[in-house]
Every structure is written in structure tokens, then in C-alpha cells.
Amino acid sequence: MNTSELQGCELDYWCARALVDGDELIEFIQVEPSVVVTLTHGALRKLAQPFSPAGEWSDALEVLERAQELQWKRDERGAHCKVRFEGADSSEADAEHPRVALLRAFVLARFGQTVGDRPTMPHAVREGKVSPYDAGGVPPTYGDNVGAGDEIGNIRSVPRP
1 MNTSELQGCE
11 LDYWCARALV
21 DGDELIEFIQ
31 VEPSVVVTLT
41 HGALRKLAQP
51 FSPAGEWSDA
61 LEVLERAQEL
71 QWKRDERGAH
81 CKVRFEGADS
91 SEADAEHPRV
101 ALLRAFVLAR
111 FGQTVGDRPT
121 MPHAVREGKV
131 SPYDAGGVPP
141 TYGDNVGAGD
151 EIGNIRSVPR
161 P
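Okay, so the sequence shown: first residue is 1 according to the UniProt record's numbering, each after it adds one.
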């Protein structure tokens with residue numbers, strides 16, 4: 001997909017991937033209908049938290065704080081953003097909102113003009129390799145795994161020698 005066309009959850013997804021270095025693990029606990037991530041990068045820590053920079057300035061600030069040079073222009077046609085991030089040449093993007101233009105420029109600076117399709121299932125990414133993510137099986141319901149003759153709620157202490 002063309003970086004200049006990213007929006008909504010697709011833009012959220014690629015921004016999250018762009019926030020971490022290639023050797024760092026990022027887990028996408030949920031990718032539809034919204035993005036929920038677990039990631040660590042420097043002082044940034046998110047543990048199974050919703051991440052929606054395309055919809056919220058509070059999440060977009062993670063990207064804005066990385067800008068070293070920033071120029072915005074806004075008119076009746078929308079917004080234009082020219083920005084330079086550490087270790088990258090300046091990049092430019094257009095959008096209907098300055099926040100979306102900033103995010104598109106961030107993804108462009110990190111991944112280039114095009115990005116792949118966003119996986120639809122939970123997964124983890126490290127060094128560009130996508131692998132399935134399974135947080136665990138189906139949670140037990142009341143009454144599951146009750147042994148014969150056991151009282152419900154008896155966790156049995158470990159015997160002492």
C-alpha cells in the first residue's frame with residue numbers, strides 16, 4: 001500500500017512498527033477493529049494498550065517528540081507536513097489533518113513509499129519478521145478443571161517437609 005494513502009487502523013499499525021528498532025519485539029495483541037500493542041523502546045512502554053495515533057493526539061505525541069525539524073502548512077485543501085527525524089532525511093506528506101500528515105511522513109521516513117498489507121490476526125514482529133502471536137488458550141470458565149471430590153476454590157497448599 002502507498003504510504004500517502006494510509007489512514008485509520010492501517011496508519012496506527014505502521015506507526016507502531018516504526019516506533020521500535022528492528023531488533024526490538026513488538027506484539028500486536030489485537031489489530032482489528034483497533035490496534036492494541038505491547039512494545040518497549042527507550043522510555044516508551046506500552047503493555048497491551050490501545051494505540052491510535054491517527055485518532056488521538058495523545059498517541060501521536062510519541063511520533064511528534066521524535067521530530068527534529070518540523071514544518072506544517074494548512075489551508076482549505078488540508079495539511080502538508082515536512083519533517084526530519086533522527087537518522088533519516090526529511091520526508092513530506094499531505095493529509096486532511098496535520099496529525100495524519102505527520103504520521104504519514106513518519107512512516108515514509110522509516111519504511112519508504114510503500115508498505116505491505118497489515119496482518120489481520122494477532123502477531124509479533126522482530127527484525128521485520130512477522131510471526132503468529134497466541135496470548136494463550138481459551139480462558140477457563142466456572143467449574144472447569146474441578147477434580148473429583150475437590151471443593152470448589154480449594155487451591156491446596158504445597159505440603160511442607
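Idealized CB from N, CA, C, for every residue including glycine.
Query raised in the report: If you draw a straight line from the alpha carbon of Lys-129 to that of Trp-14, how long is it in whole angstroms?
Result: 14 Å
Requested in this report: Please report the residue range of the alpha helix (DSSP H) in which Glu-62 lies.
Outcome: 57-64
Requested in this report: Rounded to whole angstroms, what's the CA-CA distance from Ala-109 to Val-125? Just pull it up for me.
Outcome: 19 Å
Requested in this report: Give the DSSP-derived three-state secondary structure of Gly-47 in the structure shown.
Outcome: For the sequence presented, residue 47 should be read as Leu rather than Gly. Reduced to three states, the DSSP call for Leu-47 is strand.
Query - Contacts around Gly-22, its chain only, beta-carbon distance under 8 Å, and the 5 residues preceding and following it disregarded - result: Arg-126, Glu-127 and Gly-128
Requested in this report: Kindly indicate the opening and closing residues of the alpha helix (DSSP H) around Asp-75.
Outcome: Careful: Asp-75 lies outside any alpha helix (DSSP H), inside the beta strand (DSSP E) at 67-75.
Query - Per-residue burial, Gly-99 [other beta carbons within 10 Å of its own, 16 or more giving buried] - result: According to the sequence provided, residue 99 is Arg. The question's Gly does not apply to it. Arg-99 is buried by the Cβ-count criterion.
Report task. Just tell me which of Glu-62, Ala-48, Glu-96 and Asp-59 has its CA closest to the CA of Val-31. Result -> Ala-48
Query raised in the report: Over what stretch of residues does the beta strand (DSSP E) that includes Gly-78 continue unbroken?
Result: 78-85
Query raised in the report: Mind checking whether Ala-93 and Arg-104 have CB atoms under 8 Å apart?
Result: yes
Query raised in the report: Thinking C-alpha only, which one of Leu-64, Lys-46 and Lys-73 is nearest Ala-54?
Result: Leu-64
**Report entry** For Arg-17, the three-state DSSP class (helix, strand or coil)
**Finding:** helix
Query - Rounded C-alpha distance that separates Leu-61 from Ala-18 - result: 14 Å
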